[in-house]
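Participant: For reference, the structure I am asking about is given below.
This is how it looks when you write it as C-alpha cells:
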C-alpha cells in the first residue's frame, strides 16, 4: 500500500474473529483498518513498533457501569476503560427508561469510549442503588411500580442504535427482601422477548431458584457474575460440581459472563468451574466506583486472572473481543481487525511477574503473567494509557472480609 495514517509493525496480532494469530502489521487509514498482513510497506504518519507485544482488536467489556457522577456506581470510561485498552463498554443497566435520555446525552454521546447498553427493567435504573446489603439504600425493585415492561420496550425501540438488551439484578436486598424478584424477573423476560434482544441477569442471594435463572433463560441470554461463591452460586456446595440447571442452561445456549465486580469473582468457585470445563463466554469486569481501584481494577487485570486459571491467551482475547461483541449483535462492527472496520486497536505486553492477585473476598493467588496495556487507538485516534493503582489493594481486601461468613464456596471448600 502507498500510505496510511498509522502503521503498527512487528507485533503478534491475535484477532480471533478473523482466525489471525501471528506476526503481522496493522495499517490504519481514515479511522479504519486498511490492512492486516506481514511486512506491510509504505509511508505512515505514525509508526508504532510492537515487537515483542500483543496486538488485538480493542477490548469489548460486556459489563460495566459508566453513568459517571449520576449513579453512585458510575465511573469515567475514558480513564478506566479506554485508557486500559477497552474501546467498547456495554453498560449493564445503569439507566432505566425514565433516565436513559440523560445517560445517552451525558455519557454515550460525550465519551470517546464507545458505549452500548443493557436497559434496566426498573424505570429508575441504578439511580440510587448501591452494592446491596444496606437496608437504608433503596433498591430498584423494592417497589413493583418501578418495574414496567411497556416503558422498557418503548425506550429500547427508540434507541436501538445503542441499546442491546435488558438487564435485571436479582438479589433479595434490592427487591423488598426478595418478595419482588420473581415477578420482576418475569417482566424482564417479557421485555427481552418483545424486543428480541438478550436478557442479562445478575443472580446472587436470590429468591429465584437456579431452575428458573439461568435454567429457563434462552439461547443468547447472559448470566453474569458466573463465578461468585454466595447463595445462588453455580457450584453445588456439597458436590463442588456445576449445578444441573446451570449446565442445562449452557447446553441450551445461555452465555456466562465473569462480571467480576466487587463481590462476584471467587478464586475457589472459578477453579471448581474451570476444572470441570466450565469456562466463561465473556470476561466482563462489572467495573464501577467500588471496583475500579480494586479488586477488579480494569479489564486487562480481569483477563490476567482468567489466564492464570489456564485459559490459553488466544481464547482470553476471544472472550474479550469478538465473543462479547457477538453477544450484543455487534460482531460485524467491533471486536475485530477486519478490513474496513473502525480502527479500534489495543497493544499489550505480557509481563512475567511473581505476585499476589486478590479475588473479591480477600483470597489470593500467585500469578506469573500480567497483561499490561501499552497503546490504544479508538477509530484510528490514539488515547493515553492510564495505570491502575498498585495491587493487591489492602484497603479493598479488608473491606471485603465482612462477606466471608456468607460464602458457600471459599478456599476452605478445597
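Numbering (the numbering used here), first residue to last: 72 to 485. Where is the CB? At the ideal position from N, CA and C, for every residue including glycine. Because the structure is a prediction, the values reported are computed rather than measured.
Who pairs with residue 411 in a beta bridge, going by DSSP?
Facilitator: BP columns for residue 411 are empty, so no partner.
Participant: Kindly indicate which residue of 225, 135 and 282 has the alpha-carbon position closest to the one of residue 67.
Facilitator: No answer is possible for residue 67: it lies beyond the span of the chain, which begins at 72 and ends at 485.
Participant: Enumerated in chain order, which unbroken segments of the alpha helix (DSSP H) with a length of 4 residues or greater are wholly contained in the stretch 268-299?
Facilitator: none
Participant: With 16 as the cutoff for other CB atoms within 10 Å, does residue 84 come out buried or exposed?
Facilitator: Burial check for residue 84: the Cβ neighbour count within 10 Å reaches 16 or more, so the residue is buried.
Participant: Give a yes or no on whether the C-beta atoms belonging to residue 444 and residue 371 are separated by under 8 Å.
Facilitator: yes
Participant: For residue 136, which three-state DSSP category applies?
Facilitator: Three-state result, residue 136: coil.
Participant: I need the straight-line Cα distance from residue 479 to residue 335, nearest angstrom please.
Facilitator: 13 Å
Participant: Measure the beta-carbon distance from residue 89 to residue 409 and round it to whole angstroms, keeping in mind my assumption that it falls under 8 Å.
Facilitator: 6 Å
Participant: For a quick check, are the C-beta atoms of residue 211 and residue 229 less than 8 Å apart?
Facilitator: no
Participant: Should residue 363 be labelled buried (16 or more other beta-carbon atoms within 10 Å of its own) or exposed?
Facilitator: buried
Participant: My assumption, with CB atoms under 8 Å, is that residue 187 sits in contact with residue 235. Please give the rounded CB distance.
Facilitator: 5 Å
Participant: Return the bridge partner residues of residue 236 from the DSSP annotation.
Facilitator: 189
Participant: Quick one: grab the DSSP three-state call for residue 301.
Facilitator: coil
Participant: Below 8 Å on the Cβ atoms is my guess for residue 337 versus residue 381; work out the distance and round it to an integer in Å.
Facilitator: Not quite, the Cβ-Cβ distance comes to about 16 Å (not below 8 Å), so this is no contact.
Participant: Tell me the residue span of the alpha helix (DSSP H) that contains residue 220.
Facilitator: In the DSSP annotation of this structure, the continuous segment of the alpha helix (DSSP H) that includes residue 220 starts and ends at 220-229.
Participant: Taking the C-alpha atoms as reference points, what is the distance between residue 286 and residue 467?
Facilitator: C-alpha separation (whole angstroms): 33 Å.
Participant: Taking the alpha-carbon positions, what's the residue 329 to residue 355 distance?
Facilitator: 5 Å
Participant: Does the contact criterion of 3 or more C-beta pairs under 8 Å hold for the stretch 262-272 versus the stretch 233-249?
Facilitator: With the rule of 3 Cβ pairs closer than 8 Å, the stretch 262-272 counts as touching the stretch 233-249.
Participant: Using CA coordinates, which residue listed in 303, 109, 483 and 127 is at the minimum distance from residue 449?
Facilitator: Measuring C-alpha to C-alpha distances from residue 449 to each of 303, 109, 483 and 127 identifies 127 as the nearest.
Participant: Which of the three DSSP states is assigned to residue 352 in this structure?
Facilitator: coil
Participant: Applying the criterion that 16 or more other CB atoms from any shown protein chain within 10 Å of the CB defines a buried residue, is residue 460 buried or exposed?
Facilitator: Flag for residue 460 reads exposed.
Participant: Quick check on this structure: which residue in 368, 374 and 87 has the alpha carbon closest to the alpha carbon of residue 385?
Facilitator: 87
Participant: How is residue 81 classed by DSSP in three states: helix, strand or coil?
Facilitator: The answer is strand: DSSP assigns residue 81 an E or B state.
Participant: Nearest to residue 311 by CA position, among 395, 257, 177 and 343, is which residue?
Facilitator: 343
Participant: Buried or exposed, going by whether 16 or more other CB atoms sit within 10 Å of the CB of residue 297?
Facilitator: buried
Participant: Which of the three DSSP states is assigned to residue 159 in this structure?
Facilitator: Collapsing the DSSP output to three states places residue 159 in a strand.
Participant: Along the chain, where does the beta strand (DSSP E) that runs through residue 338 open and close?
Facilitator: Unbroken run through residue 338 is the alpha helix (DSSP H), 338-346; no beta strand (DSSP E).
Participant: Can the beta-carbon of residue 347 be found closer than 8 Å to that of residue 325?
Facilitator: no
Participant: Run through the stretch 369-413 for me and flag every whole alpha helix (DSSP H) of 4 or more residues, listed as ranges in chain order.
Facilitator: 370-380, 384-389 and 393-398
Participant: Looking only at its own chain, which residues have a Cβ that is under 6 Å from the Cβ of residue 430, when we skip the five neighbours before and after it?
Facilitator: 336, 337 and 338
Participant: Does DSSP classify residue 472 as helix, strand or coil?
Facilitator: Here residue 472 carries a helix assignment [DSSP, helix/strand/coil].
Participant: Under the assumption that residue 327 contacts residue 294 (Cβ atoms under 8 Å), give the Cβ distance between them as a whole number of angstroms.
Facilitator: Indeed they touch by this definition, with Cβ atoms about 5 Å apart.
Participant: Could you tell me which of 247, 117 and 92 sits nearest to residue 108, measuring between CA atoms?
Facilitator: When each option's Cα is compared against that of residue 108, the closest is 92.
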